[in-house]
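K.L.:
Would you mind keeping the following structure in view while I ask a few things?
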Amino acid sequence: MLPLQTVVGAADRTEFSFVEWLFTRSLVKHRHARDPTRWCSVPSVKVHQVDRIENRTFLKRYMQRREELLEERAGHSCSALRDIKTWMGKTLSVRRSVEEICRCSESGVNLNEVLLFHGSTHGKINGILNGGFDPRLAGLGTGAMFGQGSYFAHNASKCFRYAGDGGSSTGLRQCVVVARAVLGNPHYQEHMCPDRRLPPANCHSLVALTKAEGGCVDHREYVLYDKAAILPLYLVDFEHLPDCGCCMCSP
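Here you go:
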């Protein structure tokens, strides 16, 4: 049985390998923090530790939200999420104990369940571990282009600017959260909407499109306005290597 309060412990070898693979394959180039005309290198990092997050309250809340979406959809799948590699499914699964309790394919209805990354400072991680993701805290110190929700990315490197505890020199140590999210029927957003508090009618989440897709960001952002739709799974502790020339390390 999962613990009632959050317990954080080292992932086993299989989980570590899976999360490390998921993390490293998602790394991409980003613009320089001070010179937006300049693109930096793909990050060069080493994953030091992967910790699993277990909390019965988080899981029950997430399962209840999934059931609500299943009832709302009345047996009909949501519009399939476009262009994302982190689908939850047989070929991309996570912790066995969670999958046995909360399977994605049990109903045959697509709810757009995915694995996403969230960057946060070490100081704010405790709040996530104690209460989950709180959309009311969106944008504190970082801004909220798409309203008051919890922000995620399918590229782990998108989170690096939000995960740093100050400083941006080579050897920077950071932490990123891996979460399972049920996006339901997504709304594709092209422009900024900082005053939004809920997704549009008949939608359950917001996907900020890239400039290449007609949007306003370089890399997609996923915004959820309901904490029950997000299940924290892992903490990834990593370090930028001496040769890293990413947007965090590049002078």
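Heads up: the sequence shown begins at 36 in this note's numbering, then just goes up one per residue.
Just so you know, even glycine gets a beta-carbon here, dropped at the ideal spot from N, CA and C.
All values derive from a computational prediction rather than experimental measurement.
(1) Specify the secondary structure class of C210 as computed by DSSP and reduced to three states.
(2) If you run the structure through DSSP and keep just helix, strand and coil, what is Q224?
(3) Judging by CA-CA distance, which residue of R231, V43, I119 is the nearest neighbour of A179?
(4) Touch check for the stretch 53-70 and the stretch 98-113: three-plus C-beta pairs under 8 Å?
(5) For the 8 Å Cβ check, are there 3 or more pairs between the stretch 62-80 and the stretch 224-243?
(6) Keeping to the same chain, check which residues put their C-beta closer than 6 Å to that of N90; ignore five residues upstream and five downstream.
(7) Closer than 6 Å by C-beta to V258: which residues in its own chain qualify, once you throw out the five before and the five after it? Chain order, please.
(8) Taking all protein chains shown into account, decide if E256 is buried (16 or more other Cβ within 10 angstroms of its Cβ) or exposed.
(9) With H, G and I counted as helix, E and B as strand and the rest as coil, what does DSSP make of L116?
(10) Only counting the same chain, and skipping five residues up and downstream in sequence, which positions put a Cβ closer than 7 Å to that of C279?
(11) Where L172 and V212 are concerned, what is the direct C-alpha to C-alpha distance, given to the nearest angstrom?
(12) Between which two residues does the beta strand (DSSP E) holding R69 run?
(13) Per DSSP, which residues does Y257 bridge with? Please list them.
(14) Check whether the stretch 162-170 touches the stretch 107-122, counting contact only when three or more Cβ pairs, one atom from each stretch, lie closer than 8 Å.
(15) By DSSP's criteria, K262 is part of a beta bridge. Which residues make up the other side?
(16) Between L207, D272, V252, which has its C-alpha nearest H65's C-alpha?
(17) Assuming R101 is part of the alpha helix (DSSP H), what are its boundary residues?
(18) Counting C-beta neighbours from all protein chains within 10 Å, is the total for P286 16 or more, i.e. buried, or is it exposed?
(19) How about C194 and L146: do their beta carbons lie closer than 7 Å?
(20) Closest to E50 by C-alpha separation, out of V271, L105, L276, A243, would be which residue?
(21) In whole angstroms, what is the alpha-carbon distance linking P277 and H189?
(22) Measuring CB to CB, does R215 end up less than 7 Å from L268?
P.N.:
In short, the structure shows the following:
(1) Residue state, collapsed to three classes: strand.
(2) Per DSSP, reduced to three states, the secondary structure at Q224 is strand.
(3) Closest by alpha carbon: R231.
(4) No, because fewer than three Cβ pairs between the stretch 53-70 and the stretch 98-113 fall closer than 8 Å, the two stretches do not touch.
(5) No, the stretch 62-80 is not in contact with the stretch 224-243.
(6) Taken in chain order, the residues that qualify are T41.
(7) Counting only residues of its own chain and dropping the five nearest sequence neighbours on each side, V258 has a CB closer than 6 Å to the CB of F181, G184, Y186, L241.
(8) By the neighbour-count definition (other C-beta atoms within 10 Å, threshold 16), E256 is a buried residue.
(9) If DSSP states are grouped into helix, strand and coil, L116 belongs with coil.
(10) In its chain, beyond the 5 residues on either side, P78, S79, V80, T205 have a beta carbon closer than 7 Å to the beta carbon of C279.
(11) Cα to Cα, the separation comes out at about 16 Å.
(12) No beta strand (DSSP E) holds R69; DSSP gives it neither H nor E.
(13) Per DSSP, F187, V242.
(14) No, the stretch 162-170 is not in contact with the stretch 107-122.
(15) Answer by DSSP bridge pairing: none, since K262 is not bridged.
(16) When only C-alpha atoms are compared, the closest one is V252.
(17) For R101, the enclosing alpha helix (DSSP H) starts and ends at 91-108.
(18) Classification of P286: exposed, given that the 10 Å Cβ count is below 16.
(19) Taking the C-beta atoms as reference points, L146 is found no nearer than 7 Å to C194.
(20) Minimum Cα distance to E50 is reached at V271.
(21) Computed Cα separation, rounded: 25 Å.
(22) Yes.
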